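Chains as they are written, first to last, in our numbering: chain A, 64 to 381; chain B, 64 to 381.
Structure below.
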C-alpha cells in the first residue's frame with residue numbers, strides 16, 4: 064500500500080462508484096446570511112450507512128486479494144466504520160468481524176448485525192479493543208481494515224472531496240472534521256490533486272483536541288474524550304498525521320455548546336439529520352467568521368447516525 | 064379566478080419558478096424493502112419556508128393587480144401558509160397581514176416576522192380567526208389570500224406534482240396529505256393533466272378525518288382536532304372539495320402512533336426532518352401495504368417545520 068496520489072484516487076472513485084451514493088451538495092440562503100460566506104454542504108449523512116465511511120471501507124474491500132476475501136476482514140470501531148465495513152464485506156461476500164465497545168450506540172450495533180457483521184463486544188478502552196481484535200484475527204486469519212490508519216481507506220475517503228470539486232467550482236476553503244484523520248487526510252490529498260488553490264482546514268472538538276495539539280507539537284498527541292462529538296475521540300494515526308501535517312493549513316477547535324448550536328442550525332435550517340461530530344466544521348466556521356468572510360466554503364457533513372433521543376437531550380441541554 | 068387547467072398550471076410553474084426551489088426526489092432501499100414498493104419522496108420540506116405552501120402563496124401574489132399590491136394581502140393561518148405568504152409578499156414589496164392563533168408554534172411566528180409580516184394574534188378558534196381577519200381587511204383594504212380555498216393557491220400547489228412527474232416516469236400511485244385540501248386538489252389536477260394514468264390517494268389523520276367522512280357523505284363535514292398532525296386540522300373548502308370528489312380515488316386514515324412511527328422512520332432512514340403532518344401519507348402506505356405492493360409510489364413530503372423539542376417528545380411518547 065502506497066500513499067494515494069491523483070491516479071489512485073481517481074481509480075478508487077471509479078472502483079467504488081457502483082456501490083456508493085453521489086451525495087448531494089446543499090446550500091441555504093439563511094445559513095449564508097448568518098455565516099457571512101457561501102457554504103456548500105457536502106451531505107455524506109445521505110451516504111450509504113449514513114456516513115462517508117462507506118467510501119473507504121468499500122475501497123479497501125475491493126482491493127483485497129481473492130485469498131484475503133475468503134478469510135474475511137476485521138476491525139475495531141465505535142460506530143460508522145463498523146457498519147461500513149460490514150456492508151462492504153456483505154456486498155462482496157466476505158466475512159466481517161467487528162470489535163465494538165459495549166457502550167457503542169445501539170443503532171450502530173443494529174446496523175452492523177443487519178449487514179451480517181459478527182460483533183465482538185469489549186470494554187470501552189483502546190487496550191481492550193486492540194487485544195480483542197488481535198484475538199479475533201488470530202482465530203480467523205482475517206485482514207485488519209483499520210478505520211483510518213490505512214492508505215486504501217484514506218484513498219476511499221478522498222473521493223468525497225473529489226466529488227465536491229466536480230460539482231462546485233472555485234471553492235476557497237474546504238473544512239472537514241478530524242478524529243483519527245482518515246477523512247481529513249483523504250480530503251487534503253484530494254484537494255492537493257483536484258483543487259490545489261483550495262485551502263484545507265479542520266474542525267475539532269475542544270474536549271478532544273489532540274490533532275490541534277499534535278500540529279503544534281509536531282508529534283502525535285494522545286486524545287482525551289471530553290466531548291459529545293463521539294465520532295472524533297480517536298488519536299491521529301502514523302499514516303494520517305504526516306499527510307495532515309503537510310497539507311492542512313490549520314485546525315479550529317470548538318466547544319460542545321458551539322457544536323450543539325451548529326447541529327441545531329443544520330437540523331432547523333437545512334432540514335437534515337446530522338450527528339454531533341458532523342456539526343463540528345460548521346461550528347468552526349461560525350466561530351471564526353472573519354476568516355471565512357465572503358468566501359466560498361465547502362463543508363463536509365460527515366454523517367447522520369444519531370439516536371433521536373440522544374439528540375433531543377443535547378438540544379434540551381439535558 | 065377559474066379552475067386551474069393544464070395551461071394555467073404550466074403558466075403558474077413558469078411564473079413561480081424563479082422564486083421556489085426545484086425540490087429533490089429521494090429514495091431509500093431500506094424503506095422500499097420495508098414498504099414492499101418503490102417510493103419516490105418529493106421533498107417539499109426542503110422548499111422555501113420549509114413547505115409546499117411557498118408555491119401557492121407565490122403564485123397568488125404574482126397574480127395580484129398593481130392596485131392590489133399596494134394595499135397588501137391578509138390571511139389567517141396556523142403555520143406554513145403564514146410564512147409562505149409573508150415571504151412572497153416581501154419579495155414583491157407587498158404588505159402582509161397575518162392572523163395567527165396565540166397557540167401557533169413560536170418557530171412559525173418567528174418565520175413570519177422575519178419576512179416582515181405583521182401578525183395579529185387571536186384565540187385559537189375558527190370564529191376568532193375569521194372575525195379578526197375581517198377586521199384587518201376592513202382597516203387595510205388588503206386582499207384575502209386563503210390558505211387553500213383559492214384557485215390561485217391550488218394552481219400553485221399543483222406545480223409540486225408536476226415537477227415530480229417531470230423527474231420520475233411511470234408513477235402508479237401518488238399520495239398526498241389532506242387538511243383543507245389545497246395540496247391534494249392541486250396534486251389531483253396536476254395528475255389529471257400531466258400523468259393521467261396515475262391514481263391519486265390521500266392520507267389523513269384518523270383524529271381529524273373530515274375529508275374521509277366528506278367523501279362518504281358527499282358534503283363537507285366539519286373537522287375535529289384530535290391528532291398530533293397539526294397542519295391537517297382544517298375542514299375542506301368549497302373550492303377544494305369538488306376537485307377532490309372528482310379526482311381522488313380514496314382517502315386512507317391513520318392513527319397518531321402510526322404517524323409517529325412513519326415520522327421516525329423518515330428521520331432515521333432518510334436523515335431528513337419532516338413535521339408530523341408530512342408523515343401521514345407514508346404512514347398510510349405502511350398501513351395498507353397490499354394496496355401498494357410492487358408499485359411505483361410517489362409521496363409528497365409536505366413540510367419540515369417542527370419544533371425539535373416537540374418532535375423529541377413525540378418520539379419518546381411523552
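No residue lacks a Cβ here, since even glycine has one placed at the ideal position from N, Cα and C.
What you are looking at is a predicted structure, and each value in this text was computed from that prediction instead of being measured.
{"query": "Residue-level contact to chain A via CB, residue 375/B, 8 Å cutoff", "result": "yes"}
{"query": "Chain-ordered neighbours of residue 367/B on chain A, where CB pairs are closer than 7 Å", "result": "334"}
{"query": "Residues near residue 149/A in its chain [Cβ-Cβ closer than 7 Å; skip 5 each side]", "result": "159, 161, 175, 178, 179 and 180"}
{"query": "Backbone CA spacing between residue 144/B and residue 113/B [nearest angstrom]", "result": "10 Å"}
{"query": "Per-residue DSSP class, three states only, for residue 218/B", "result": "helix"}
{"query": "Rounded separation between residue 241/A and residue 314/A - CA only", "result": "9 Å"}
{"query": "CB of residue 107/B within 8 Å of CB of residue 363/B, strictly", "result": "yes"}
{"query": "DSSP three-state assignment for residue 262/B, whether helix, strand or coil", "result": "strand"}
{"query": "CB contact below 8 Å: residue 109/B versus chain A", "result": "yes"}
{"query": "Residue span of the beta strand (DSSP E) that contains residue 160/A, given as start and end", "result": "159–164"}
{"query": "Inter-stretch contact (C-beta, 8 Å, three-pair minimum) for the segment 92–111 of chain B and the segment 355–373 of chain B", "result": "yes"}
{"query": "Partners in chain B for residue 327/A, counting only beta-carbon separations shorter than 8 Å", "result": "371"}
{"query": "Segment contact, 8 Å Cβ cut-off, at least three pairs: the segment 249–259 of chain B with the segment 222–241 of chain B", "result": "yes"}
{"query": "Chain A contact for residue 310/B (CB, 8 Å cutoff)", "result": "no"}
{"query": "7 Å Cβ shell around residue 172/A - same chain, five flanking residues per side excluded", "result": "163 and 182"}
{"query": "Where residue 277/A sits in the DSSP three-state scheme", "result": "helix"}
{"query": "Pair within 8 Å by beta-carbon distance, residue 358/B and residue 317/B", "result": "no"}
{"query": "Sub-8 Å separation of residue 11/A and residue 244/A beta-carbons", "result": "Nothing can be reported for residue 11/A: it is not among the residues displayed for chain A, which extend from 64 to 381."}
{"query": "Residue 319/A to residue 353/A span [Cα, whole Å]", "result": "21 Å"}
{"query": "8 Å Cβ shell around residue 327/B - same chain, five flanking residues per side excluded", "result": "378"}
{"query": "Any chain A beta carbon closer than 8 Å to residue 378/B", "result": "yes"}
{"query": "Residues that residue 240/A contacts on chain B, provided the C-beta gap is smaller than 9 Å", "result": "Simply none; closest approach about 17 Å."}
{"query": "Below-8 Å beta-carbon distance, residue 164/B vs any chain A residue", "result": "no"}
{"query": "Euclidean distance between Cα positions of residue 371/A and residue 331/B", "result": "8 Å"}
{"query": "C-beta neighbour in chain A for residue 331/B, strict 8 Å", "result": "yes"}
{"query": "Of the listed residues 238/B, 276/B, 275/B and 169/B, nearest to residue 348/B (C-alpha basis)", "result": "238/B"}
{"query": "Beta-ladder partner(s) of residue 395/A, from DSSP", "result": "With chain A running from 64 to 381 in the structure shown, residue 395/A is simply not present."}
{"query": "Where the beta strand (DSSP E) through residue 139/A begins and ends", "result": "136–139"}
{"query": "Contained beta strand (DSSP E) runs [length at least 3] in the segment 326–366 of chain B, N- to C-terminal order", "result": "359–364"}
{"query": "Within 8 Å, strictly: CB atoms of residue 356/A and residue 325/A", "result": "no"}
{"query": "Backbone secondary structure at residue 254/A - three-state DSSP", "result": "helix"}
{"query": "Beta-carbon neighbours of residue 158/B, restricted to chain A and to distances below 9 Å", "result": "The contacting residues do not exist; residue 158/B stays about 22 Å from chain A at best."}
{"query": "Span of the beta strand (DSSP E) around residue 86/B", "result": "Per DSSP, residue 86/B belongs to no beta strand (DSSP E) and is neither H nor E."}
{"query": "Any chain B beta carbon closer than 8 Å to residue 135/A", "result": "no"}
{"query": "Whole-angstrom distance between residue 157/A and residue 132/A, CA atom to CA atom", "result": "5 Å"}
{"query": "Distance between residue 120/A and residue 206/A (C-alpha atoms, nearest Å)", "result": "13 Å"}
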